[in-house]
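See below for the structure under consideration.
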Amino acid sequence: MSGSGISASLLLRVAAMSVICVFLQIGVVSEVPVFGITVDLSPLLVAFVGLLCGSMIGAVAGFAVGLLVDLALVQTLGVTSLIFTLIGYWSGRLRELRDPQAALTPLLVGASAAAVALVGYSLIEFMLGVDAPVSLELLRQIVLGVVVSSIVALPLWAIVRRILEGALPEDPRRRRRRRAYTTGGLSPLSRA
Amino acid sequence: MYDKTVRRRRAVLVLLVVLSLLLLTAYFGEAPGGRLHAVQRGFLTVVSPIQDGANKALKPVRDLFGGIGDTFHAKSQRNQLLKQVGKLRRELVADQSEKRTYRQLLGIYHLDQLGINSYHPVTATVVAKSPNIWYSTVTIDKGEGAGLHVNDPVINGEGLVGKVTQVASDGAQVDLITDSRMGVSARIGTGNATGIIQPKVGDPNDLLLQYLPANTPAVAGEYVVTSGTVSSPDDSLYPPGIPIGQVTSVNEESAYRSVNVRPMANLHNLDVVQVLTTSSGTRATKLAGLAATLPPGHGAASSGASGEQLASTGAGG
């Protein structure tokens, strides 16, 4: 384990999971529409990696997954990397600043990641110039995409957490919280 | 120590964002033969066999989930198809006599050798699909080695699917007709007026046939087929008469008329496609161009025949 708490085992697990997720996405998940919508697991994966491992690994994982997606699908290089880098970074910052423990946090983070990805793509494509007419259905697709992503967010979160669990860096905030309850140092009962 | 961590974190973020923007700018600005495109093609060459293997291994999983979804649509599709069968039976009877005349005309114009087979169709399996609303693309397991070129038209048993946009040695990228970068010259079945069919971004079940002359007759339910012409030298030359979709509604505009079209090919569940590999300048494409210049009545007949030939190749599996 290095000084920053990032172990080789963690990096290996994140890399393997990212590659498998991208290939599973483009080979299977993309071809099975849910309510007429194709679920995109990649932004959810990046957000969950950020939420578990912190902003730096989140950003790097986002960039790498985005680059892999752009290369594998022969899309404009850099678009997905840019969006996923921001998703990974901000979900990591959420953990570092707030460390949300609520059961529904992954669902909200997943929905936000899907929304950022879908809106981000649209904004960048508009900036690059679109030749084809754009339908108002696009808005419906974005909303449905967010809803469907929220549905798959919780199972995906469970899988990602399970895979990374043994290799996650120790969080000082969580360590303090755990010590407080196990040793009774900060428990109101100990004052009595 | 804390400051150092914060500085490093911010530096990594800035570096990655700048790198992404540089990639985006360089890729967007360079020609299709540029270095970044070549890297992408190289990557495609490497991952195509992996994708192919993964696709075969995971096919049962995909079929299971796809089957569940298909069951929900089956009932509504059955009722729709029963209505269509009745309508098509009536049309078939009316077309029988026209078909005889058409065969004679084909012989006169030496177009009887024109069929999908003269385009050397190469059957390929879809191994990957983009999940993005903005990129409607698939990757297939055949490439340069099988004789594929950029801009080759791609079809399946139902109709036009798209065109080849990138080719590696063992794989190729296909832009579907619903991709935001696509535009195909097309006409409504029996008419002579051609327009450009484009997707409506965000709605994969709706295409828009634009720039038709204001007096073009168009009725809901009519078939839209490829016109066999190109609007610019870089376009793909799709053989004439390949079905694209059915007119769903007609929009009245001042100078031009546009119609909404529902694609014939089910682009959600593409498994096997055919790539028409004959490049421009060959006999087949010259004949196709000649066929496109035929008067309206013949053009209509031509489309029917091509559809027939398309079906007889067994494309789409």
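Chains as they are written, first to last, in this note's numbering: chain D, 203 to 394; chain Y, 60 to 376.
Where is the CB? At the ideal position from N, CA and C, for every residue including glycine.
8 Å Cβ cutoff met for residue i and residue j
| i | j | result |
| --- | --- | --- |
| V177/D | Q225/Y | This structure does not reach residue 177/D, given that chain D is present from 203 up to 394, and the question cannot be answered. |
| M219/D | V362/D | yes |
| V306/Y | A277/Y | yes |
| V76/Y | L284/D | yes |
| L335/Y | I214/Y | yes |
| S244/D | V267/D | yes |
| G294/D | M329/D | no |
| A334/D | P212/Y | no |
| V185/Y | L329/Y | yes |
| S232/D | K188/Y | yes |
| T285/Y | A252/Y | no |
| V260/Y | V332/D | yes |
| D229/Y | T104/Y | yes |
| L226/D | L358/D | no |
| V248/D | A315/D | yes |
| R297/D | G256/D | yes |
| S209/D | A369/D | yes |
| L270/D | V224/D | yes |
| L309/D | L356/D | yes |
| T196/Y | Q155/Y | no |
Any chain Y beta carbon closer than 8 Å to residue i
| i | result |
| --- | --- |
| A394/D | No answer about A394/D holds up, because its pLDDT of 44 lies below 50 and its placement is not dependable. |
| F250/D | no |
| S209/D | no |
| A274/D | yes |
| V335/D | According to the sequence as given, residue 335/D is Pro; it is not Val. Output row for P335/D: interface = yes. |
| V262/D | yes |
| V345/D | no |
| I228/D | yes |
| G280/D | yes |
| L330/D | yes |
| S204/D | Residue confidence is low: S204/D scores 44 on pLDDT, short of 50, so the model does not pin down where it sits. Its coordinate-derived value is still stated next. Chain Y, which has no Cβ nearer than 8 Å to the Cβ of S204/D, makes this no. |
| S352/D | no |
| G312/D | no |
| L325/D | no |
| M258/D | yes |
Cutoff 8 Å: residue i Cβ touching any chain D Cβ
| i | result |
| --- | --- |
| A279/Y | no |
| E66/Y | Note that residue 66/Y corresponds to Arg in the displayed sequence, not to Glu. False, the Cβ-Cβ gap to chain D never drops below 8 Å. |
| Q225/Y | yes |
| P355/Y | Because the pLDDT of P355/Y is 45, which lies under 50, any placement of that residue in the model is unreliable, and the number read from its coordinates should be weighed accordingly. So, not an interface residue. |
| L72/Y | yes |
| A187/Y | yes |
| G375/Y | With a pLDDT of only 32 at G375/Y, under the threshold of 50, the placement of this residue in the model should not be trusted, and no figure is reported. |
| T307/Y | no |
| I314/Y | This sequence places Ala at residue 314/Y; Ile is not what is there. So no, A314/Y is outside the interface. |
| G304/Y | no |
| G204/Y | no |
| N325/Y | no |
Integer-rounded CB distance, given that residue j should sit under 8 Å from residue i
| i | j | result |
| --- | --- | --- |
| P322/Y | I236/Y | 6 Å |
| I228/D | A274/D | 6 Å |
| G206/Y | A227/Y | 14 Å between Cβ atoms; not a contact. |
| D234/Y | G216/Y | Going by Cβ atoms, the distance from D234/Y to G216/Y rounds to 20 Å, so no, they are not a contact pair. |
| G322/D | G290/D | Rounded, the Cβ-Cβ distance is 13 Å, inconsistent with contact. |
| Y282/Y | G254/Y | The Cβ separation is near 14 Å, so there is no contact. |
| V332/Y | A183/Y | 6 Å |
| V320/Y | G304/Y | 4 Å |
| P261/D | T287/D | The residue you asked about is not Pro; residue 261/D is Ala in the sequence shown. Their Cβ separation, rounded to whole angstroms, is 5 Å, which keeps A261/D and T287/D in contact under 8 Å. |
| query | How about the segment 306-320 of chain Y and the segment 269-278 of chain Y: do they share at least three Cβ pairs that are nearer than 8 Å? | reply | In short, these stretches touch, since the Cβ pair count reaches three.
| the segment 240-250 of chain Y touching the segment 122-130 of chain Y, judged by at least three CB pairs closer than 8 Å | no
| query | When you check each C-beta in the segment 285-309 of chain D against every C-beta of chain Y, which residues fall closer than 8 Å? | reply | T287, L288, Y291
| said: Using a Cβ-Cβ cutoff of 7 Å, what residues of the segment 79-107 of chain Y are near chain D? List them in chain order. | reply: Hits within the stretch, in order: S79, L80, L82, L83, Y86, F87, L95, Q99, F102, L103, V106.
| task | Report yes or no: do the segment 236-252 of chain D and the segment 338-353 of chain D share at least 3 C-beta pairs separated by less than 8 Å? | result | yes
| query | For the segment 256-278 of chain Y, which residues have a beta carbon sitting closer than 9 Å to at least one beta carbon of chain D? | reply | Q257, P258, K259, V260, G261, D262, P263, N264, D265, L267, Q269
| field | Residues of the segment 131-144 of chain Y with Cβ closer than 7 Å to any Cβ of chain D, in chain order | value | Answer set for the segment 131-144 of chain Y: empty.
| said: So if I threshold CB-CB distances at 8 Å, which residues from the segment 189-202 of chain Y count as touching chain D? | reply: S189, P190, N191, I192, W193, Y194, T196, T198
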